[in-house]
Amino acid sequence: MRREVPADEGMERFERFLDEWSRRDFLRTVGGAVAFAAFMSGGAELLAACGAGGQTSQTQNVKRGGHVVEGSTSDPTIFTPGFITDTASSIPSQMMYEGLLNSKQDGTLTPGVAKAVPKMDADGLTYRFDIRQDITWSDGKPLTADDVLFSYNLQSPGSPYNYRAINTRNWPDLEQYIASVTAPDKYTVVIKTKVPYGPFLTNYTLSPLPKHVMEQAAISNPADFKKQDFNTNPQVVNGVFLFDRWDRGAQVTLKANPSYYLGRAHLDQYVIRTVSDSTALVNQLKTGELDVATVLQSLWDDLGTATNVKRVAFTSAGWYYFGYNMDPTNAKRPLSGKIFGDPATGKQVRQALYYAVDRQKMVDVVLFKQGVVATSVEPRTSWALTDQVPRYPFDTKKAAQLLDDAGWKLGSDGVRAKDGVRFNVELVVQSGSVALGQTTQIIAEQWRQVGVATTQRTISFPEFVNLDTTRDFDVMIGSIVSGVDPDLSQIYHSRIIGHGLNAMGYRSARVDMLLDQAVASVDQNKRKQLYVQVQQALMDDVPSAMLVWPRSLYGVSARVQNFNLGPFNRYGRPWLNQVWVSDGR
């Protein structure tokens with residue numbers, strides 16, 4: 110799971126929205142029909158139609174050479190796998206570092222550096238990876254089991270390095286579940302888990318890292334490992350593209366890897382350009398300055414008028430949400446801990462503010478009907494999704510009553526107070542995203558109507574990512590994209606506080622237990638039953654409030670062929686070596 114960089118639409122449109130959102134009636138039709146991923150209550154697998162938005166060229170006249178330029182509204186932060194928590198970094202990183210396994214559009218695992226997707230041994234604990242012997246690093250040295258072992262040693266116990274000081278986002282889970290990682294020979298890796306671990310193959314088959322380049326930093330100064338030059342200037346990689354240069358704030362330029370094990374890419378170059386906003390993204394798609402970009406929902410219909418751009422849409426594996434800082438021990442935000450983390454009344458307050466938000470209006474106004482109201486903490490693509498959870502329809506009377514019951518009484522100034530403390534909280538949202546800015550404005554206005562005062566603080570995307578560690582907020586408003594497996598430990602398990610995405614400081618012994626039981630099984634039916642209980646508990650506790658499930662919308666230049674996007678290969682793109690451009694430029 111990672112924080113998603115959503116598109117925005119420019120400040121002029123945003124300011125107009127602020128003036129008009131409450132009186133608009135957006136009855137827009139959905140453009141670009143796409144098959145919907147249907148899930149049966151019994152846990153049927155994701156239908157192949159889930160990725161139907163991707164495109165495949167019908168011609169075989171492949172042209173070699175040329176380049177593709179993809180637009181993004183945020184700059185990357187780091188390129189080394191294991192440290193990445195944002196999509197702006199994940200896309201170029203996964204082009205440069207090939208993983209042990211890859212994913213198809215529908216989430217099906219396929220071989221990568223490993224020759225095959227391994228089968229679990231009879232003990233339910235052991236996985237044997239046979240490493241391909243025809244892969245080299247870009248400096249010509251062979252990629253071996255030692256590189257795979259090194260990648261795990263940076264992040265898990267049994268390591269010769271101080272993996273906690275190195276502090277990747279993965280180590281708390283790997284410490285919890287990995288018993289050993291060994292390399293019995295040059296091209297074999299054996300991984301044993303402490304207990305049966307259901308998400309292992311989908312979540313923790315890591316990308317090998319070049320031991321001969323990175324090991325000395327891990328030994329000599331592990332606390333500064335993340336600051337080393339190879340994290341932002343990776344000269345030794347194994348993916349379909351090689352690093353060329355990073356002009357910070359402008360673009361990342363990659364070049365074809367002539368030694369890529371599946372064959373050199375048809376393209377010579379891939380550029381990821383940072384663009385100011387999504388109005389500019391769409392304009393540059395139309396002019397041909399960009400070849401690929403996500404498209405803000407409000408601009409989707411407008412893009413449909415461009416004859417040189419194909420629109421690609423599919424069900425997203427992500428969601429918009431707001432999260433409460435509910436840790437009463439957080440000295441930086443003692444008021445939010447008192448309001449949202451009070452063991453006696455905090456849950457009433459959290460539920461009240463969920464009732465106070467009109468999420469259907471968000472679907473209509475922010476998403477332009479390109480999405481639906483989120484009803485659970487799992488994404489819409491999850492095989493564990495259930496509708497047997499508490500619901501929070503828009504109900505200001507219910508919200509007011511819950512706040513009254515929690516002791517937050519309405520004052521003469523229209524703001525609630527309790528024990529002499531006014532209910533005034535700060536909403537923190539990232540810059541560069543008007544969609545989330547609109548969402549924040551709706552929340553602020555509707556909370557005001559039930560007596561909750563707010564201020565707003567806009568911060569850069571890297572600062573927003575750092576909230577997971579600093580937890581310097583009252584309420585954070587953002588978006589997250591998930592993977593194939595429904596495990597939510599990276600967001601809600603207490604051991605992740607300060608390391609993963611549990612910026613809320615949420616602690617629940619019962620949820621921890623259910624999450625641990627669910628991953629300690631490889632029986633999907635049993636896991637689903639446990640995840641139903643997880644969803645029920647989290648939708649009752651409401652440490653974070655799910656707002657909407659958006660559709661993923663892309664514009665792809667008509668000259669770009671075989672750009673096969675889907676819900677689970679938007680960021681890891683094992684098909685990139687087959688992409689080509691019809692004009693060869």
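Just so we're aligned, residue 110 is where the sequence shown starts under this note's numbering, counting upward by one. Positions of the beta carbon are idealized from the N, C-alpha and C atoms, including for glycine. Computed from a predicted model, the values in this text were never measured in an experiment.
In terms of Cβ geometry, A646 and V628 do not form a close pair [threshold 9 Å].
The distance from the Cβ of Y206 to that of S316 is about 4 Å, consistent with a contact at the 8 Å cut-off.
A check of alpha carbon separations from V466 across L494, A493 and L656 identifies L656 as the nearest. F339 sits close to V322, with the two beta carbons spaced by under 9 Å.
Remark: three or more beta-carbon pairs, one from each stretch, lie closer than 8 Å, so the segment 512–520 and the segment 452–462 are flagged as touching. Unbroken beta strand (DSSP E) stretches of 3 residues or longer found wholly inside the segment 488–554: 525–527 and 533–539, given in chain order.
Of all C-beta pairs linking the segment 229–247 to the segment 260–276, fewer than three are shorter than 8 Å, placing the two stretches out of contact. Secondary structure at H321: helix, using DSSP grouped into helix, strand and coil. According to DSSP, I381 shares a beta bridge with E179 and V361. Taking 4 residues as the minimum length, the alpha helix (DSSP H) runs contained wholly in the segment 565–599 are 570–579, in order along the chain. Excluding five sequence positions before and after E179, the CB atoms of its chain that fall closer than 8 Å to its own CB belong to I200, Y379, V380, I381, R382, L399, D400, V401 and A402, given in chain order. Contact between G175 and G693 holds, since their C-beta atoms are separated by about 5 Å, short of 8 Å.
Under DSSP, K301 forms a beta bridge with T235 and S289. Between T578 and Q539, the CB-CB gap reaches or exceeds 9 Å. Note that the C-beta distance between F334 and I287 is not below 9 Å.
Scanning its chain for C-beta atoms nearer than 7 Å, with the 5 sequence neighbours on each side dropped, one finds around P571 the residues T186, in chain order. Within its own chain, the residues whose Cβ lies closer than 6 Å to the Cβ of A508, once the five positions on either side in sequence are excluded, are A461, Y464, A465 and V559, listed in chain order.
Of the other Cβ atoms in all chains shown, fewer than 16 fall within 10 Å of the Cβ of G372; this residue is therefore exposed. Under the three-state reduction of DSSP output, I448 falls in the helix class. Membership of W355 in any alpha helix (DSSP H) is not indicated; the residue belongs instead to the beta strand (DSSP E) covering F350 to D356. Look at the beta carbons and you see the segment 474–482 not touching the segment 664–682: under three pairs across the two are nearer than 8 Å. Shortest Cα-Cα distance from L685 to any of P676, S691, F677 and F672 involves F672. Counting only residues of its own chain and dropping the five nearest sequence neighbours on each side, V524 has a CB closer than 8 Å to the CB of R531, F532, N533, G560, V561 and A562. Contact fails between the segment 596–604 and the segment 433–450, because fewer than three Cβ pairs, one in each stretch, are under 8 Å apart.
Nearest in C-alpha terms to L283, of all of V641, P652, R604 and G614, is R604. DSSP links F672 through a beta bridge to no other residue. A422: member of the beta strand (DSSP E) spanning V418 to T424, first to last residue.
A direct Cα-to-Cα measurement between N434 and Y501 gives close to 20 Å.
Per DSSP, the unbroken alpha helix (DSSP H) holding L623 starts and ends at A618 to V628. If you compare the alpha carbons of S329, Y272, D522 and F431 with that of L610, the shortest gap goes to F431. The three-state secondary structure of A453, taken from DSSP, is coil. When the beta-carbon positions are compared, R636 and A493 come within less than 9 Å of each other. With distances taken between CA atoms, S617 lies nearest to D649 out of T253, L209 and D649. Taking a 10 Å sphere around the C-beta of G191, we find 16 or more other C-beta atoms and assign the residue as buried. Counting the other Cβ atoms within 10 Å of the Cβ of N342 gives fewer than 16, which makes it exposed.
If the five residues before and after S691 are omitted, its C-beta is found closer than 7 Å to the C-beta atoms of K172, R668 and Q670, all from its own chain and listed in chain order.
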